[in-house]
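Asker: Protein chains in written order, with our numbering: chain S, 204 to 298; chain D, 29 to 340.
Don't be surprised by glycine CBs; every beta carbon is placed ideally from N, CA and C.
Here it is: the structure, laid out below.
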Amino acid sequence: MSDSQGPLWEVFVQKKAGQPFVHCGSLHAFDKEMALQNARDLYTRRNEGMALWVVPSSAITASSPEDMGSFFEPANDKVYRHPTFYQIPDAIGHM
Amino acid sequence: MENKTYEDLFEAKLAKNEMIEPKDWMPENYRKHLIRQVSQHAHSEIVGMLPEGNWITRAPSLRAKKVLLAKVQDEGGHGLYLYTAAETLGISRDALLDNLHTGKAKYSSIFNYPTLTWADIGAIGWLVDGAAIMNQVMLQRTSYGPYARAMVRICKEESFHQRQGYEIMTHLAFGTPEQKAMAQDALNRWWFPTMMMFGPPDAESPNSENAMKWRIKRETNDQLRQRFVNQTVPQVEYLGLTVPDPKLKWNEAKKGYDFSEPDWAEFKNVISGNGPCNKERLGARVKAHKEGAWVREAAAAYAKKQNQSIAA
């Protein structure tokens with residue numbers, strides 16, 4: 204969406220080293236540096252993170268809710284992908 | 029037929045307490061209702077910076093000044109979370125701002141009252157943010173995902189606002205007789221406008237029925253108002269101040285206070301643009317937006333130039 208406020212960016216924050224980057228919201232900015240600085244001021248005013256990603260919202264491709272059923276259907280009938288599908292003799296204990 | 033199925037899915041999600049997300053199908057009236065409510069909420073955060081900003085240069089200590097700056101900055105942040113939540117409903121930031129600047133969109137009537145003394149900064153944090161928190165805690169479970177997520181962030185930050193306000197009130201209420209009188213005066217002026225923040229009585233609230241049906245709101249205006257009074261009266265008593273309502277009385281049967289309704293004619297008048305500060309507030313917003321235009325243009329020109337040099 205073109206705007207006098209600059210394009211939309213999605214912000215991802217990493218709370219601590221080693222943890223995944225999690226989406227926390229979006230903002231408007233005109234370029235990468237401004238997006239990063241705005242993200243710092245907007246989403247990490249209280250030490251919520253130690254690393255940030257900003258991504259132009261237009262670069263994100265999302266699955267659509269209408270197709271959700273058929274799109275994720277292949278995973279529905281594959282219980283053998285879960286550990287509890289398999290019988291392990293009691294004598295073995297935890298595996 | 030097709031539409032019916034979508035509507036059924038939507039209703040089923042609400043019934044299961046599942047959130048509606050931006051790409052989900054939603055009834056047009058649900059979308060409109062949310063755009064109105066979320067943008068009004070965003071505008072309130074942004075306009076709410078003005079009455080408090082009035083005291084930044086005159087805060088009584090460096091500590092008080094730092095705290096107030098941080099609080100006003102938070103309000104700006106809250107406005108931005110909410111604007112982006114509203115934008116997921118398909119309205120641009122420019123259109124949202126335009127609606128505010130032209131008076132098409134409303135903001136909370138409370139910000140059309142003046143901040144006359146330092147005690148008003150205490151009263152706003154304690155009462156106005158206190159009332160806002162009550163509403164926002166409920167909205168953390170609102171049915172629209174982006175709105176609910178913005179609310180979770182806001183509620184985390186809002187608690188400091190209320191506490192810093194009450195701290196100002198304790199300093200004044202336990203200070204000199206003049207300071208205590210100043211605290212009482214602020215309470216007198218802010219009590220009823222704060223009660224109005226929860227909106228008109230349920231019987232006369234035009235938007236309440238849909239808001240409850242769609243689980244945008246989960247409690248009614250009157251329920252929230254009652255809870256606010258029950259919670260706040262003991263805090264007033266601790267300060268040794270008096271609620272400016274002669275009808276305020278504990279009602280053992282309902283385990284809550286009986287209290288006077290605010291003056292709803294005044295509420296309507298302020299909402300319609302005739303409060304003490306409506307023109308000043310909106311004027312300040314429009315001026316800031318206009319005077320910032322060259323910054324937005326320069327930033328856009330710079331970004332364009334950078335992109336060209338990358339492409340070359």
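(1) Between which two residues does the beta strand (DSSP E) carrying S:Glu213 extend?
(2) Assuming S:Cys227 is part of the alpha helix (DSSP H), what are its boundary residues?
(3) Output, in chain order, the set of chain S residues within a Cβ distance shorter than 8 angstroms of D:Gln207.
(4) Compare the C-beta of D:Tyr330 against all C-beta atoms of chain S and say whether one is closer than 8 angstroms.
(5) What in chain S is Cβ-close to D:Arg255, meaning under 7 angstroms?
(6) In terms of alpha-carbon separation, which member of D:Val271, D:Asn140, D:Leu117 and D:Gln251 lies closest to D:Lys296?
(7) Spell out whether any CB of chain S is found under 8 angstroms from the CB atom of D:Arg324.
(8) Measuring only the C-alpha atoms, how far is D:Ile63 from D:Trp242?
(9) Excluding the 5 residues flanking D:Pro290 on each side, which residues of the same chain have their C-beta closer than 8 angstroms to its C-beta?
(10) How about S:Arg284: is its C-beta nearer than 8 angstroms to some C-beta of chain D?
(11) Between D:Gln168 and the rest of its own chain, which residues show a CB-CB distance below 7 angstroms, the 5 nearest in sequence each way excluded?
(12) Just verifying my parser: in three-state terms, what is the DSSP assignment at S:Trp256?
(13) If you run the structure through DSSP and keep just helix, strand and coil, what is D:Asp230?
(14) Sorted by chain position, which residues of the same chain lie with C-beta nearer than 7 angstroms to S:Gly209's C-beta, five sequence neighbours on each side aside?
(15) For a contact meaning CB atoms closer than 9 angstroms, what does D:Gln168 contact in chain S?
(16) Using the three-state DSSP reduction, which class does D:Tyr109 fall into: helix, strand or coil?
(17) Work out the CA separation of D:Lys208 and D:Ala159 for me, nearest whole Å.
(18) What are the residues in the stretch 48 to 69 of chain D lying within 8 angstroms of chain C by C-beta distance?
(19) Can you find a CB in chain D that lies within less than 8 angstroms of the CB of S:Gln208?
(20) Should D:Asp23 be flagged as near chain S, meaning a C-beta pair shorter than 8 angstroms?
(21) Starting from D:Asp122, follow the beta strand (DSSP E) in both directions and report where the run begins and ends.
(22) Considering Cα atoms alone, identify which of D:Ala321, D:Gln65 and D:Tyr330 is closest to D:Lys132.
(23) 8 angstroms is my cut-off, CB to CB: does D:Gly105 come that close to chain S?
(24) Output the distance between the C-alpha atoms of D:Asn279 and D:Trp292, rounded to the nearest integer angstrom.
(25) Using a 10 Å radius around the Cβ and a threshold of 16 neighbouring Cβ atoms, would you call D:Tyr58 buried or exposed?
(26) Just to confirm the assignment, what range does the beta strand (DSSP E) spanning D:Asn279 have?
(27) Pick from S:Gly228, S:Ala220 and S:Gln222: whose alpha carbon is nearest that of S:Glu213?
(28) Applying a beta-carbon distance threshold of less than 8 angstroms, which residues of chain D neighbour S:Ala265?
(29) How about D:Pro272 and D:Leu310: do their beta carbons lie closer than 8 angstroms?
(30) Given D:Val95, which residues of its chain have a CB within under 6 angstroms of its CB, disregarding the five upstream and five downstream residues?
(31) When we look at the beta-carbon of S:Val225 and count the other beta-carbons within 10 Å, is it buried (16 or more) or exposed?
(32) Answer with yes or no whether the minimum CB distance from S:Met237 to chain D is below 8 angstroms.
(33) Closest to D:Lys99 by CA distance: which of D:Ile149, D:Val261, D:Met240 and D:Leu128 is it?
(34) Could you tell me whether the Cβ of D:Leu108 comes closer than 8 angstroms to any Cβ of chain S?
(35) Taking Cβ-Cβ distances shorter than 7 angstroms, what residues in chain S pair up with D:Ala327?
(36) In angstroms, rounded to a whole number, what distance separates the CA positions of D:Ser89 and D:Trp146?
Answerer: The answer reads as follows:
(1) By one-based count along the first sequence, residue 213 of chain S stands at place 10. Where S:Glu213 is concerned, the enclosing beta strand (DSSP E) stretches over Leu211 to Gln217.
(2) Along the first sequence, read from residue 1 onward, the residue named residue 227 of chain S stands at position 24. Careful: S:Cys227 lies outside any alpha helix (DSSP H), inside the beta strand (DSSP E) at Val225 to His231.
(3) Translated into positions along the second sequence, residue 207 of chain D becomes position 179. Here the premise fails: no neighbours, minimum Cβ distance about 31 angstroms.
(4) By 1-based counting over the second sequence, the position of residue 330 of chain D is 302. Cβ-Cβ to chain S under 8 angstroms: yes for D:Tyr330.
(5) One-based indexing of the second sequence puts residue 255 of chain D at position 227. Near D:Arg255 there are no residues of chain S at all, since even the closest Cβ is about 27 angstroms away, more than 7 angstroms.
(6) As a working mapping, residue 296 of chain D is identified with position 268 in the second sequence. Out of D:Val271, D:Asn140, D:Leu117 and D:Gln251, D:Asn140 has the C-alpha closest to the C-alpha of D:Lys296.
(7) On the second sequence, position 296 is the one that residue 324 of chain D refers to. The C-beta of D:Arg324 comes closer than 8 angstroms to at least one C-beta of chain S.
(8) Taking the first residue of the second sequence as 1, we reach residue 63 of chain D at position 35. Taking the first residue of the second sequence as 1, we reach residue 242 of chain D at position 214. Each residue's alpha carbon lies about 14 angstroms from the other.
(9) What you label residue 290 of chain D is simply residue 262 of the second sequence in a count that begins at 1. Counting only Cβ-Cβ distances below 8 angstroms, and skipping sequence neighbours, we find Phe220, Pro221, Met223 and Met224.
(10) Your numbering for residue 284 of chain S matches position 81 in the first sequence. By this cut-off, S:Arg284 is not an interface position.
(11) If you number the second sequence from 1, residue 168 of chain D lands on position 140. Cβ within range, chain order: Ala176, Met179, Val180 and Cys183.
(12) On the first sequence, residue 256 of chain S is found 53 positions in, with the first residue counted as 1. Under the three-state reduction of DSSP, S:Trp256 is assigned to strand.
(13) Residue numbering aside, residue 230 of chain D sits at position 202 when the second sequence is read from its first letter. D:Asp230: helix per DSSP, three-state reduction.
(14) For the purposes of this step, residue 209 of chain S is taken as the residue at position 6 of the first sequence. If we look at S:Gly209 and ignore the five residues flanking it on each side, its Cβ neighbours are His231, Ala232 and Phe233.
(15) Stepping through the second sequence from its first residue, residue 168 of chain D is reached at position 140. By Cβ distance, chain S contributes nothing, its closest Cβ being about 15 angstroms from D:Gln168, past 9 angstroms.
(16) As a working note, residue 109 of chain D is residue 81 in the second sequence. D:Tyr109: helix per DSSP, three-state reduction.
(17) Mapped onto the second sequence, residue 159 of chain D falls at position 131. Mapped onto the second sequence, residue 208 of chain D falls at position 180. The alpha-carbon atoms of D:Ala159 and D:Lys208 are separated by roughly 23 angstroms.
(18) The chain inventory of the structure shown lacks chain C, comprising the protein chains S and D.
(19) Here the question's residue 208 of chain S lines up with position 5 in the first sequence. For S:Gln208, at least one C-beta of chain D is nearer than 8 angstroms to its own C-beta.
(20) It is not possible to answer for residue 23 of chain D, since the shown part of chain D is limited to 29 through 340.
(21) As a position in the second sequence, residue 122 of chain D is number 94, starting the count at 1. Segment Arg121 to His129 is the alpha helix (DSSP H) holding D:Asp122; no beta strand (DSSP E) there.
(22) Translated into the one-based positions of the second sequence, residue 132 of chain D becomes position 104. Looking at D:Ala321, D:Gln65 and D:Tyr330, the one whose alpha-carbon comes closest to that of D:Lys132 is D:Gln65.
(23) Counted from its first residue, the second sequence places residue 105 of chain D at position 77. Interface residue, yes.
(24) Counting from 1 along the second sequence, the entry for residue 279 of chain D is found at position 251. Counting from 1 along the second sequence, the entry for residue 292 of chain D is found at position 264. About 23 angstroms.
(25) As a position in the second sequence, residue 58 of chain D is number 30, starting the count at 1. Its Cβ being crowded by 16 or more others within 10 Å, D:Tyr58 is buried.
(26) Indexing the second sequence from 1 puts residue 279 of chain D at position 251. Counting along the chain, the beta strand (DSSP E) containing D:Asn279 begins and ends at Lys277 to Asn279.
(27) Taking the first sequence and counting its residues from 1, the one referred to as residue 213 of chain S is at position 10. Per the Cα distances, S:Gly228.
(28) Reading the first sequence from its first residue, position 62 is the one you call residue 265 of chain S. Residues of chain D passing the Cβ test: Lys51.
(29) Taking the first residue of the second sequence as 1, we reach residue 272 of chain D at position 244. Taking the first residue of the second sequence as 1, we reach residue 310 of chain D at position 282. Their beta carbons are not under 8 angstroms apart, which means D:Pro272 does not touch D:Leu310 by this criterion.
(30) Here the question's residue 95 of chain D lines up with position 67 in the second sequence. In its chain, beyond the 5 residues on either side, Gln192 have a beta carbon closer than 6 angstroms to the beta carbon of D:Val95.
(31) In the first sequence, counting from the first residue as 1, residue 225 of chain S sits at position 22. Here S:Val225 is exposed. Its C-beta has fewer than 16 other C-beta atoms within 10 Å.
(32) For the purposes of this step, residue 237 of chain S is taken as residue 34 along the first sequence, with counting starting at 1. Answer yes: the Cβ-Cβ gap between S:Met237 and chain D drops below 8 angstroms somewhere.
(33) As a working mapping, residue 99 of chain D is identified with position 71 in the second sequence. Of the listed residues, the one whose Cα sits closest to D:Lys99 is D:Ile149.
(34) Here the question's residue 108 of chain D lines up with position 80 in the second sequence. Yes - at least one Cβ of chain S is within 8 angstroms of the one on D:Leu108.
(35) As a position in the second sequence, residue 327 of chain D is number 299, starting the count at 1. Within chain S, the residues near D:Ala327 are Gly209, Phe233 and Met237.
(36) The residue you call residue 89 of chain D lines up with position 61 of the second sequence. The residue you call residue 146 of chain D lines up with position 118 of the second sequence. C-alpha separation (whole angstroms): 11 angstroms.
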